[in-house]
Ligand SMILES: C[S@@+](CC[C@H](N)C(=O)[O-])C[C@H]1O[C@@H](n2cnc3c(N)ncnc32)[C@H](O)[C@@H]1O
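Residue numbers (the numbering used here): 323 to 761.
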């Protein structure tokens, strides 16, 4: 049997990853992590940029590729197809010397074990170089290619945000900034800001979240001072707003029902480390990520792999002062961080997610003490998952009262608060805080 060639350069490695996401619907983060480890260090940055860039702009690049190829490539050549998209992305969006970008991309065919395709990839990319403006005009004559989103999602966003749909779609295509959460148990935000400056990592404070810092330029987490010993974590400032909405006090029993990878669990504990926090997640593998995070930060929580809605399987009968449902959702507010959402999500997912969210609200609400708070959040901009979900719940539960938050964490909606992606450079997020009043 022919020995498989090890890929050691960025372009063919990226083509393999992208081909796998497009063809087999695998999640980008998972495969990219393993691929990067297999590459020499100096190839990793380019590989990552290509993977994110091509997946982010896929509908646009695809529309251009359709004009260049004499006939579609076979399924088994999805890696070659992805290599062509990598070539187009470099020519359109990256400041690389064009001849090098082109020849290195064409050479990627050899690393993929398909030298016969060199002529085809070379001819397609050269054709694009020669005729870019006429090809672009033809390829980008529709919303799917222009905004680089699937048509069902464009339709949904237009319907929910008729005046802001373009702004939302454009924000989804922007490379996101890197926010940090300073561990307030170790030092103040100002002290950490000074440490970052001493390490040539300039950053600034963020108004909405008391522990948040925005780095001027994203960097490797291990360059952050004290990262290994829990000085700071990576978390968008929109997600950091959740801890203040929970109004955490000492001596509370708190349920984080959908907790992995544990960003909010850790923030809750950093605020009051002595509280009893129970963190659940349905996915045991993702639960191990919470463990790694709380260990790094030197915190403690009870972790359980369970379906939060199946309360018989995990609940000990003692009610909670606070419940956080950071619900499984479409992720339509964080597409800038996870562009593969545009490829992996299906329109039919929305209805099943809305049902899941409703079940979690119904099953967990009775576990809240009188006067306790349940905070419901999603990283979605789809109203069925957000304000309609909460309106529906409030209509059914007269013992539930929605709290008007001051300061408002985002724009007020008929129920709850919505931040759209890119508002103040933050992720898209929805927040609602419900109090259990005397029945
Ligand atoms: C938006 S993520 C949570 C992010 C997390 N709160 C954080 O801040 O890092 C949603 C999580 O809900 C989990 N999940 C989905 N359905 C669930 C269920 N029925 N019970 C518990 N967890 C569930 C998923 O595995 C996923 O990890």
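C-beta: ideal position from N, C-alpha, C; glycine also.
Spatial neighbours of residue 595 in its own chain (CB-CB distance under 7 Å, excluding positions within 5 residues in sequence) are listed in chain order as 507, 621.
Here residue 578 is not near residue 604, since their CB atoms are 8 Å or more apart. In this structure, the CA atom of residue 422 is about 15 Å from the CA atom of residue 334. By the 16-neighbour rule on beta-carbons within 10 angstroms, residue 388 is exposed.
The Cβ atoms of residue 704 and residue 654 lie closer than 8 Å to each other.
Closer than 7 Å to some heavy atom of ligand 1: that describes the Cβ of residue 650. Distance check between residue 666 and each of 724, 549, 380 places 380 closest, using alpha-carbon atoms only. Taking all protein chains shown into account, residue 400 has 16 or more neighbouring C-beta atoms within 10 Å of its C-beta and is therefore buried. In the three-state reduction of the DSSP assignment, residue 566 falls in the helix class, which pools H, G and I. For residue 454, the enclosing alpha helix (DSSP H) covers residues 440 to 461.
Under the three-state reduction of DSSP output, residue 670 falls in the helix class. Closer than 7 Å to some heavy atom of ligand 1: that does not describe the Cβ of residue 755. For secondary structure counted as the beta strand (DSSP E) over 3 or more consecutive residues, the stretch 460 to 527 holds these complete runs in sequence order: 501 to 504, 525 to 527. Closest in alpha carbon position to residue 693, among 574, 435, 448, 353, is 574.
Going by C-alpha positions, residue 678 is about 23 Å away from residue 691. Considering only 720, 754, 710, 731, the residue with the shortest C-alpha distance to residue 748 is 731.
Not a single heavy atom of ligand 1 lies less than 7 Å from the C-beta of residue 560. Sequence-distant Cβ neighbours of residue 584 in its own chain, meaning closer than 7 Å and more than five residues away, are 601, 611, 612, 615, 616.
Judged by the Cβ position, residue 623 fails to qualify as a neighbour of ligand 1 at the 7 Å threshold, every heavy atom of the ligand being at least this far. Classified as buried, residue 428 has 16 or more neighbouring CB atoms from the shown chains inside 10 Å of its CB. The beta-carbon distance between residue 741 and residue 560, rounded to whole angstroms, is 5 Å. This is short enough to meet the 8 Å contact definition. When Cβ pairs closer than 8 Å are counted between the two stretches, the stretch 327 to 342 is seen to touch the stretch 358 to 369, the count reaching three or more. Assignment of residue 756 by DSSP, reduced to helix, strand and coil, places it in the strand class.
Per DSSP, residue 626 is not a residue of any alpha helix (DSSP H); the beta strand (DSSP E) it occupies stretches across 624 to 627.
Of the heavy atoms belonging to ligand 1, none sits nearer than 7 Å to the Cβ of residue 536. Around the beta-carbon of residue 396, fewer than 16 other beta-carbon atoms lie within 10 Å, marking it exposed. The beta carbons of residue 716 and residue 755 sit no closer together than 8 Å.
With respect to the C-alpha of residue 489, the residue from 743, 511, 758 having the closest C-alpha is 743.
Here residue 605 is not bridged, per DSSP, to any residue. Per DSSP, residue 691 is one residue of the beta strand (DSSP E) stretching across 690 to 700.
Within the same chain, and ignoring the five residues on either side of residue 510 in sequence, the residues whose Cβ sits closer than 8 Å to its Cβ are 504. Taking the Cα of residue 619 as reference, the smallest distance to any Cα among 625, 591, 631, 439 is reached at 591.
Under DSSP, residue 544 takes part in no beta bridge, so it has no partner. One alpha carbon belongs to residue 721, the other to residue 699, and they sit about 20 Å apart.
When distances are taken from the beta-carbon of residue 682 to the heavy atoms of ligand 1, the shortest one is below 7 Å. Exclusion of the five residues before and after residue 424 leaves 447 as the residues of its chain whose Cβ lies within less than 6 Å of its Cβ.
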